[in-house]
Amino acid sequence: SQQGEEDPQALSIQEGENATMNCSYKTSINNLQWYRQNSGRGLVHLILIRSNEREKHSGRLRVTLDTSKKSSSLLITASRAADTASYFCATLNAGGTSYGKLTFGQGTILTVHP
Amino acid sequence: DGGITQSPKYLFRKEGQNVTLSCEQNLNHDAMYWYRQDPGQGLRLIYYSQIVNDFQKGDIAEGYSVSREKKESFPLTVTSAQKNPTAFYLCASSRGQGLFSSGANVLTFGAGSRLTVL
């Protein structure tokens, strides 16, 4: 299975609600990043959290990292219809055969209804 | 504005043909990458280059080839040896100065090229 795996695969919410997406990984990491992809477009970097950090904020985004559980979560507060997109976690691996590589998960499809 | 330009946006290929996807960046980034994305899937690394005139295979390099003759350019050739080439191809770049230095591995992506084999 892939290094980063997102959960849920799809999430549907109403505008104004919060959206939480989770990412799990297997090997030790240097950092974990979240990216957003609008349909048929390239990915856009949202936020990076280092392995020695536990929480980070950027505007309406909040990311947490639990290295003991090898998991991260992305919270989008007060969601808007424009937040509709796929969200990917990516891990910069610090060990194993994927050392130094940025490995992407399969993504969570977020739909925000107006 | 600085960024990454991929062309063409859409490409159709007959079986047995080689095709080349263009990727140009004006961000002065050292590292460049090619990823493949299949429907409902994450990104898989095809090739990457940390510096001009050097590149390494990623996880799914078979059937693909690249060159890095200029810092700004990293073209990808999908050869006839690639068994299932229909996919969305994404090029990316990063500063790449030091493997784990702050922000070095944050990727900037192009808009992608969609290849369909007829």
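Sequence order for the protein chains is A and B. Going by the numbering used here, the first sequence opens with residue 12, and the numbers climb by one from there. Going by the numbering used here, the second sequence opens with residue 79, and the numbers climb by one from there. We put the CB at the ideal spot given by N, CA and C, even for glycine.
**Beta-carbon proximity check, Val-195 of chain B vs Arg-91 of chain B, cutoff 8 Å** = For this step, residue 195 of chain B is matched to residue 117 along the second sequence. For this step, residue 91 of chain B is matched to residue 13 along the second sequence. A contact, by the Cβ cut-off of 8 Å.
**Request:** Check each candidate in A:Glu-17, A:Leu-22 and A:Ser-97 and name the one with the smallest Cα separation from Tyr-36 of chain A.
**Result:** As a working mapping, residue 36 of chain A is identified with position 25 in the first sequence. Ranking A:Glu-17, A:Leu-22 and A:Ser-97 by Cα distance to Tyr-36 of chain A puts A:Glu-17 first.
**Request:** Scan the segment 60-88 of chain A for residues whose Cβ lies nearer than 8 Å to a Cβ of chain B and list them as they occur along the chain.
**Result:** Cβ contacts with chain B come from no residue of the segment 60-88 of chain A.
**Item:** DSSP three-state assignment for Ala-93 of chain A, whether helix, strand or coil
**Value:** Here residue 93 of chain A refers to the residue found at position 82 of the first sequence. Reduced to three states, the DSSP call for Ala-93 of chain A is helix.
**Prompt:** Can you list the residues of chain A that Gln-119 of chain B reaches, using a CB-CB cut of under 7 Å?
**Reply:** Taking the second sequence and counting its residues from 1, one reaches residue 119 of chain B at position 41. The answer, in chain order, is Gln-117.
**Beta carbon proximity, Arg-52 of chain A to chain B, threshold 8 Å** = One-based indexing of the first sequence puts residue 52 of chain A at position 41. Yes, Arg-52 of chain A counts as interfacial toward chain B.
**Ser-84 of chain A in three-state terms, based on DSSP** = One-based indexing of the first sequence puts residue 84 of chain A at position 73. Three-state result, Ser-84 of chain A: strand.
**Message:** With distance defined between alpha-carbon atoms, name the residue in B:Glu-93, B:Thr-98 and B:Ile-124 nearest to Pro-86 of chain B.
**Reply:** Translated into positions along the second sequence, residue 86 of chain B becomes position 8. Pro-86 of chain B has its Cα closest to that of B:Thr-98, out of B:Glu-93, B:Thr-98 and B:Ile-124.
**Message:** Contact criterion: CB-CB distance below 8 Å. Does Lys-112 of chain A meet it with respect to chain B?
**Reply:** Here the question's residue 112 of chain A lines up with position 101 in the first sequence. By this cut-off, Lys-112 of chain A is an interface position.
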